[in-house]
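FYI, the numbering for the sequence shown is 61 to 210, going by the working numbering. Ideal placement from N, C-alpha and C gives every residue a C-beta, glycine not left out.
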Amino acid sequence: MERTGASAATVARWYAQREQYPAERRFPEVACTLDRIHYYDQEAVEAFSVAWREDVGTGRLQAAGRPRGDGRGNHGGGHSRAQRDRAVAIVLAELRQAGGYQRGMAARLAREHGGSERIWQRAMTEARTHYEHEHGLDQDGAGAASQLAR
61 MERTGASAAT
71 VARWYAQREQ
81 YPAERRFPEV
91 ACTLDRIHYY
101 DQEAVEAFSV
111 AWREDVGTGR
121 LQAAGRPRGD
131 GRGNHGGGHS
141 RAQRDRAVAI
151 VLAELRQAGG
161 YQRGMAARLA
171 REHGGSERIW
181 QRAMTEARTH
191 YEHEHGLDQD
201 GAGAASQLAR
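The following block contains the structure:
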């Protein structure tokens, strides 16, 4: 963990899955164990780290080997992301038409377009971020100039 910057869980995963990788990318074998803590040969760990970084290309070993996502739960695509994008577009149009957020919008959109209110609340949160960015607003709907006066 000290040499790679990886978490304990990542090191444990590398060790558990070491046989799945070619020798040049395989995490090293345990050199010794003291008080239930595994220690590895420093040179072997550093060689593994360099090879892994070159192969994965992230430089962030904590996330190495995991597929990149968009932070929204479905790795940047798929049917549900398309539905969410459609819902966000609808909400954004509503926000623009109404001049900003109004209480109860998500519930009304759920009734009009179908789906659960929670889905529309999530779309509302995402669309409000876009809307507020477009208009230079903060979460309270106030502009940057009013922030300075507070």
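Could you say which of Gly196, Ala76, Tyr81 and Ala111 lies nearest to Gly160 if we only look at CA atoms?
Gly196
Short of 7 Å in beta carbon distance, which residues of its chain neighbour Arg78, apart from the five on each side in sequence? Order them along the chain.
Arg86 and Phe87
Taking the continuous alpha helix (DSSP H) assigned at Ala91, which residues delimit it?
Careful: Ala91 lies outside any alpha helix (DSSP H), inside the beta strand (DSSP E) at Val90 to Leu94.
Under the three-state DSSP convention, the category Tyr81 falls into
coil
Expressed to the nearest angstrom, what Euclidean distance is found between the alpha-carbon atoms of Ala83 and Glu106?
14 Å
If you follow the beta strand (DSSP E) that Tyr99 is in, where does it begin and where does it stop?
Ile97 to Tyr100
Could you name the residues of the same chain whose beta carbon sits closer than 7 Å to that of Asp91, not counting the 5 residues immediately before and after it, in chain order?
It is Ala, not Asp, that sits at residue 91 in the sequence shown. Answer for Ala91: Tyr99, Tyr100 and Asp101, listed in chain order.
Is Ala66 helix, strand or coil by DSSP?
coil
Find out if the Cβ-Cβ distance for the pair Ala111, Leu152 is shorter than 7 Å.
no
Taking its Cβ as the centre, do 16 or more other Cβ atoms sit within 10 Å of Met184, making it buried, or is it exposed?
buried
Using the rule of at least 16 other Cβ atoms within 10 Å of the residue's Cβ for burial, across every protein chain shown, is Ala124 buried or exposed?
Per-residue confidence for Ala124 stands at a pLDDT of 48, beneath the threshold of 50, marking its modelled position as unreliable; the derived number appears in the next sentence. Buried: at least 16 other Cβ atoms inside 10 Å.
Which residues bound the alpha helix (DSSP H) around Gln181?
Glu177 to Glu194
Give me, in chain order, the residues of the same chain whose beta-carbon lies closer than 7 Å to that of His173; leave out the 5 immediate sequence neighbours on both sides.
Ile150
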